[in-house]
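Numbering follows my numbering, with no gaps: position 297 of the sequence shown is 596. Quick reminder that beta carbons are idealized off the backbone N, C-alpha and C, glycines included.
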Amino acid sequence: MECGRVDRPYRVMKPFPLWKTLVIILACVLGALYAAPNLFGEDPAVQISVSEGDLAALDAPVAKALDAAEIPHLSSRAEGDRWVVRLADTDAQLDAAEVLRRELGRGRVVALSSMPKTPSWLMALGAKPMNLGLDLRGGVHFLLEVDLNDINVKARERYLNDLPALLRRENIRYTGRREVGDAVVLEFDSAERQAAAQKIILEEFPEVDLLAKGAAEKFALEARLSEAEAKRLADFAVQQNLTTLRNRVNQLGVAEPIVQRQGASRIVVQLPGVQDTTRVKDLLGATATLEYRAVSEEDAFLAARTGVTPVGTELFYTRDDERPVLLMRDTIAAGSQLIDASATIDENGQPAVSVTLDGSGARRMLAFTERNVGKPMAVLFREREVITNYNARGEPMRETRQIEEVISIATIRGVFGKRFQTTGLSSAEAHDLSLLLRAGALAAPVDIVEERTVGPSLGADNIAQGQMAAVIGLVAVVVFMAIYYSAFGMLANIALVVNLILIVAIMSILQATLTMPGIAGIILTLGMAVDANVLIFERIREELADKVSPHEAIESGFSRAFLTIADSQLTTLIAAVVLFALGSGPVKGFAVTLTVGIATSMFTAIVVTRALVHLAFARRKLTDVPV
Numbered sequence: 300m301e302c303g304r305v306d307r308p309y310r311v312m313k314p315f316p317l318w319k320t321l322v323i324i325l326a327c328v329l330g331a332l333y334a335a336p337n338l339f340g341e342d343p344a345v346q347i348s349v350s351e352g353d354l355a356a357l358d359a360p361v362a363k364a365l366d367a368a369e370i371p372h373l374s375s376r377a378e379g380d381r382w383v384v385r386l387a388d389t390d391a392q393l394d395a396a397e398v399l400r401r402e403l404g405r406g407r408v409v410a411l412s413s414m415p416k417t418p419s420w421l422m423a424l425g426a427k428p429m430n431l432g433l434d435l436r437g438g439v440h441f442l443l444e445v446d447l448n449d450i451n452v453k454a455r456e457r458y459l460n461d462l463p464a465l466l467r468r469e470n471i472r473y474t475g476r477r478e479v480g481d482a483v484v485l486e487f488d489s490a491e492r493q494a495a496a497q498k499i500i501l502e503e504f505p506e507v508d509l510l511a512k513g514a515a516e517k518f519a520l521e522a523r524l525s526e527a528e529a530k531r532l533a534d535f536a537v538q539q540n541l542t543t544l545r546n547r548v549n550q551l552g553v554a555e556p557i558v559q560r561q562g563a564s565r566i567v568v569q570l571p572g573v574q575d576t577t578r579v580k581d582l583l584g585a586t587a588t589l590e591y592r593a594v595s596e597e598d599a600f601l602a603a604r605t606g607v608t609p610v611g612t613e614l615f616y617t618r619d620d621e622r623p624v625l626l627m628r629d630t631i632a633a634g635s636q637l638i639d640a641s642a643t644i645d646e647n648g649q650p651a652v653s654v655t656l657d658g659s660g661a662r663r664m665l666a667f668t669e670r671n672v673g674k675p676m677a678v679l680f681r682e683r684e685v686i687t688n689y690n691a692r693g694e695p696m697r698e699t700r701q702i703e704e705v706i707s708i709a710t711i712r713g714v715f716g717k718r719f720q721t722t723g724l725s726s727a728e729a730h731d732l733s734l735l736l737r738a739g740a741l742a743a744p745v746d747i748v749e750e751r752t753v754g755p756s757l758g759a760d761n762i763a764q765g766q767m768a769a770v771i772g773l774v775a776v777v778v779f780m781a782i783y784y785s786a787f788g789m790l791a792n793i794a795l796v797v798n799l800i801l802i803v804a805i806m807s808i809l810q811a812t813l814t815m816p817g818i819a820g821i822i823l824t825l826g827m828a829v830d831a832n833v834l835i836f837e838r839i840r841e842e843l844a845d846k847v848s849p850h851e852a853i854e855s856g857f858s859r860a861f862l863t864i865a866d867s868q869l870t871t872l873i874a875a876v877v878l879f880a881l882g883s884g885p886v887k888g889f890a891v892t893l894t895v896g897i898a899t900s901m902f903t904a905i906v907v908t909r910a911l912v913h914l915a916f917a918r919r920k921l922t923d924v925p926v
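Here is the structure:
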């Protein structure tokens, strides 16, 4: 024995907890199970949605149309709430979509899509592949501009009627009214009447900027929308259009569509997997409005039979039973004045729709209901649709169709203004009416200012490049770890593969959308996972340098490196959270992938690698550590 040195007694590593082993096994099994759907790919498909009727009724006409056109298909059946026809290739997909649009007619939304080829037994377990973003799957990109000038025009038209009505109600005489640019001008024959009108208008319409003008015997008030109110109306219009467009896009059955605001007046619409821009344009270009109107007491059935409507009225029909209804031409309130609508329960426990109007709409509604308690009021839905049909030669023909329907008639039970309830509805009707009121109409027209189509071949190239980058990065890391850290490096490589499987599995379970930045996030995560193992292994080397026994060095390396690893991962997590909160589109996708990767890296680096090391070295008598 050397002088000054004391031999340490041999000791084995502490037993690895059984529950941790079971957790690792369960995580690996579930990870492999839920990551597996991503290996099967997708079938080109045509999806058919119906607004009314049974999906099963599509079976015969779809089969007949495809057989007549001699288009082979893999399957044709209901999947969820849509009828799906799977095809062998994209050429057959395009042909099938064209034939089905021509043969099925209106009321059916035919859209191109891709459907996963995941086996049914995996689908039954809830295992689905990740959604692919526009850059990987292909699809269409639209940039829409909301026509904010239309908001100002409607506001001027409203004030052109509301301001004179207010003055008449207050017995303030005016000599004329007109539009001058973006302002409404009211003329008076005296300064006293001008001052009285100015006072009452500012009380009733605080959102209006008034400018008094007077010269000789001509006195006028120039009213225009205040800057703050114009901004509020514009913001409301864009937000309402966002909700409306999301509802319309849902008709296409697109997985993970992106409909989000860009700047003050623009909306981005991205539809991964959709190649048919015609149908998308038809849906996005449709414009609609909602109007509250008084119901005329004249005979609507007589007007429908003769075609002659009384003065000041218009003939419409109800949505459900197509019953004729005569409505007064004057609009009480419009969809642009709607702040909120929600399904609720009235004081009698019956379904109702609670509606909130803005200031201008509230004043008009209050004035109307004061005079018309006990009389009916209707909600009129107007929509302009662009329909693409096909002639005998298969050439597309676009036509515009105007839809005008009375969606609700209710009796006015009392005086109300800003907030009121529509009753006499079933629960389903109340829910549907609230959706229509809140998002069934565009608050302002939209124009397509940018259109891009990303082909499936380009998406396939991006996927191939992303896979190649991931493979190269993974191989490089594996080789480095195997050479530099020997046996411990190989164990870390096994944990790295487990980490990759868990990332894919969790993103599949969350149905997150994978984009090119997301692939970059996965590759970055692989490096971070290895970095955690590097910290552990270097700590083990430091312990060995201090003449600590091999088993003690291994245990100290894992336990003492934990805080360092947690600190580094936490700082990265903070950055990922900020990116998710403030970013959009691809940036948000990168943040999601990075966050998932941080969680799995901590698990695999600390728990999985330690379990593998314990399995390999715990029961062996070590004189040195292969690290």
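(request) For the beta strand (DSSP E) holding THR752, just list the boundary residues, first then last. (result) Here residue 752 is taken as the residue at index 453 of the sequence shown, counted from 1. Run containing THR752: 745 to 753, per the beta strand (DSSP E) assignment.
(message) So, for GLN392: in the same chain, excluding its five sequence neighbours on each side, which residues have a beta-carbon less than 8 Å away from its beta-carbon?
(response) As a first step, residue 392 must be located in the sequence shown, where it is residue number 93. Same-chain partners within the cutoff: PRO343, ALA344, VAL345, LEU386, LEU411.
(request) Quick one: give me the first and last residue of the alpha helix (DSSP H) that ILE835 is part of. (result) What you label residue 835 is simply residue 536 of the sequence shown in a count that begins at 1. Where ILE835 is concerned, the enclosing alpha helix (DSSP H) stretches over 815 to 844.
(message) Do GLU703 and ALA633 have their beta-carbon atoms positioned less than 8 Å apart in this structure?
(response) By 1-based counting over the sequence shown, the position of residue 633 is 334. By 1-based counting over the sequence shown, the position of residue 703 is 404. Cβ distance not < 8 Å, so ALA633 and GLU703 don't count as in contact.
(message) According to DSSP, simplified to helix, strand and coil, what is ARG622?
(response) Position 323 of the sequence shown holds residue 622. Coil at ARG622, not helix or strand.
(message) Looking at THR417: is its Cβ nearer than 8 Å to the Cβ of ALA423?
(response) The residue given as residue 417 occupies position 118 in the sequence shown. The residue given as residue 423 occupies position 124 in the sequence shown. Cβ distance not < 8 Å, so THR417 and ALA423 don't count as in contact.
(message) DSSP three-state label for LYS717, please.
(response) For the purposes of this step, residue 717 is taken as residue 418 along the sequence shown, with counting starting at 1. Coil at LYS717, not helix or strand.
(message) Excluding the 5 residues flanking GLY303 on each side, which residues of the same chain have their C-beta closer than 8 Å to its C-beta?
(response) Reading the sequence shown from its first residue, position 4 is the one you call residue 303. For GLY303, the pLDDT reaches just 39, beneath the cut-off of 50, and the residue's location in the model is therefore unreliable, leaving the point undetermined.
(message) Taking the alpha helix (DSSP H) that VAL548 belongs to, which residues open and close that run?
(response) On the sequence shown, position 249 is the one that residue 548 refers to. Here the alpha helix (DSSP H) through VAL548 covers 526 to 548.
(message) I believe LEU524 touches ALA454 by the beta-carbon criterion, under 8 Å. Please report the beta-carbon distance rounded to the nearest angstrom.
(response) The residue you call residue 524 lines up with position 225 of the sequence shown. The residue you call residue 454 lines up with position 155 of the sequence shown. That pair is a contact at about 5 Å.
(request) Measuring alpha carbon to alpha carbon, tell me which of GLU842, ASN671, ALA364, LEU825 ends up nearest SER900. (result) Mapped onto the sequence shown, residue 900 falls at position 601. Ranking GLU842, ASN671, ALA364, LEU825 by Cα distance to SER900 puts LEU825 first.
(message) So, under 8 Å CB-CB, GLY330 and ILE818 are touching, yes? Tell me the CB distance rounded to an integer number of Å.
(response) On the sequence shown, position 31 is the one that residue 330 refers to. On the sequence shown, position 519 is the one that residue 818 refers to. With a Cβ gap of about 19 Å, GLY330 and ILE818 do not count as contacting.
(message) Given a cut-off of 8 Å on the beta-carbon distance, is the pair MET676 and LEU435 in contact?
(response) Here residue 676 is taken as the residue at index 377 of the sequence shown, counted from 1. Here residue 435 is taken as the residue at index 136 of the sequence shown, counted from 1. No. Outside cutoff.
(request) Alpha carbon to alpha carbon, how far is VAL753 from TRP318? Give it in angstroms, no decimals. (result) Along the sequence shown, one-based indexing puts residue 318 at 19. Along the sequence shown, one-based indexing puts residue 753 at 454. In a straight line, the C-alpha of TRP318 is about 48 Å away from that of VAL753.
(request) Return the residue from the list GLN539, ASP923, VAL895, ILE864 that minimises the CA-CA distance to GLY820. (result) Position 521 of the sequence shown holds residue 820. Answer by Cα proximity: VAL895.
(request) Within its chain, find whatever has a CB closer than 8 Å to the CB of VAL322; leave out the 5 residues flanking it on each side and keep chain order. (result) Taking the sequence shown and counting its residues from 1, one reaches residue 322 at position 23. For VAL322, where only same-chain residues beyond five positions count, the Cβ hits under 8 Å are VAL906.
(request) Name the two residues that bound the continuous alpha helix (DSSP H) containing SER858. (result) Start at 1 with the first residue of the sequence shown, and residue 858 comes out as number 559. SER858 -> alpha helix (DSSP H) spans 849 to 859.
(request) Count the other CB atoms, across all protein chains shown, that sit within 10 Å of the CB of ASN647; report buried if there are 16 or more and exposed otherwise. (result) The residue given as residue 647 occupies position 348 in the sequence shown. Per the 10 Å Cβ criterion, exposed.
(request) Please report how far the alpha carbon of GLU369 lies from the alpha carbon of GLY437, in whole angstroms. (result) Position 70 of the sequence shown, counted from the first residue, corresponds to residue 369. Position 138 of the sequence shown, counted from the first residue, corresponds to residue 437. Straight-line Cα distance between these residues: approximately 27 Å.
(request) Can you tell me which of the three DSSP states PHE315 falls into? (result) On the sequence shown, position 16 is the one that residue 315 refers to. If DSSP states are grouped into helix, strand and coil, PHE315 belongs with coil.
(message) Among ARG468, ALA511, ALA356, ARG751, whose alpha-carbon lies nearest the alpha-carbon of LEU485?
(response) Position 186 of the sequence shown holds residue 485. Comparing Cα positions, the closest option is ALA511.
(message) I'd like to check one pair, THR812 with GLY432: are the Cβ atoms closer than 8 Å?
(response) On the sequence shown, residue 432 is found 133 positions in, with the first residue counted as 1. On the sequence shown, residue 812 is found 513 positions in, with the first residue counted as 1. Yes, the Cβ-Cβ distance between GLY432 and THR812 is below 8 Å.
(request) Could you tell me which residues DSSP pairs with PHE441 in its beta bridges? (result) In the sequence shown, residue 441 corresponds to position 142, counting from 1. Answer is VAL568, GLU750, bridged to PHE441.
(message) By the DSSP assignment, the alpha helix (DSSP H) with GLU478 in it spans what residues?
(response) The residue you call residue 478 lines up with position 179 of the sequence shown. Unbroken run through GLU478 is the beta strand (DSSP E), 475 to 479; no alpha helix (DSSP H).
(request) State the DSSP-derived secondary structure class of THR899, mapped to helix, strand or coil. (result) In the sequence shown, counting from the first residue as 1, residue 899 sits at position 600. Here THR899 sits in helix by DSSP.
(request) Kindly indicate which residue of ALA865, PHE889, ALA356 has the alpha-carbon position closest to the one of VAL876. (result) Locating residue 876 in the sequence shown gives position 577, counting from the first residue. Out of ALA865, PHE889, ALA356, PHE889 has the C-alpha closest to the C-alpha of VAL876.
(message) Output needed for THR668: all residues of its chain with C-beta closer than 7 Å, excluding positions within five of it in sequence on either side, in chain order.
(response) Within the sequence shown, the letter at position 369 stands for residue 668. Taken in chain order, the residues that qualify are ILE711, VAL714, PHE715.
(message) Does the structure place the segment 777 to 784 close enough to the segment 852 to 868 that three or more beta carbon pairs sit under 8 Å?
(response) no
(request) Put MET429 into one of helix, strand or coil per three-state DSSP. (result) Here the question's residue 429 lines up with position 130 in the sequence shown. Three-state result, MET429: coil.
(request) Please name the residue in THR922, GLU526, GLU596 whose C-alpha comes closest to that of ASN451. (result) Translated into the one-based positions of the sequence shown, residue 451 becomes position 152. Nearest option by C-alpha distance: GLU526.
(request) Pull up the distance between the alpha-carbon of MET767 and that of ILE864, whole angstroms please. (result) The residue you call residue 767 lines up with position 468 of the sequence shown. The residue you call residue 864 lines up with position 565 of the sequence shown. The straight-line gap from Cα to Cα measures roughly 29 Å.
(request) Run the CB neighbour count on TRP420, radius 10 Å, all protein chains shown included, and call it buried at 16 or more, exposed below. (result) To locate residue 420, count along the sequence shown from 1; it is residue 121. When all chains shown are included, TRP420 counts as exposed.
(request) Let me know the secondary structure DSSP gives GLY950 once reduced to three states. (result) Residue 950 lies beyond the range of the chain shown here (300 to 926); nothing can be said about it.
(request) Report yes if the C-beta distance between GLY882 and ILE822 is below 8 Å; otherwise report no. (result) In the sequence shown, the residue the question calls residue 882 occupies position 583. In the sequence shown, the residue the question calls residue 822 occupies position 523. Not in contact: GLY882 and ILE822 (Cβ atoms no closer than 8 Å).
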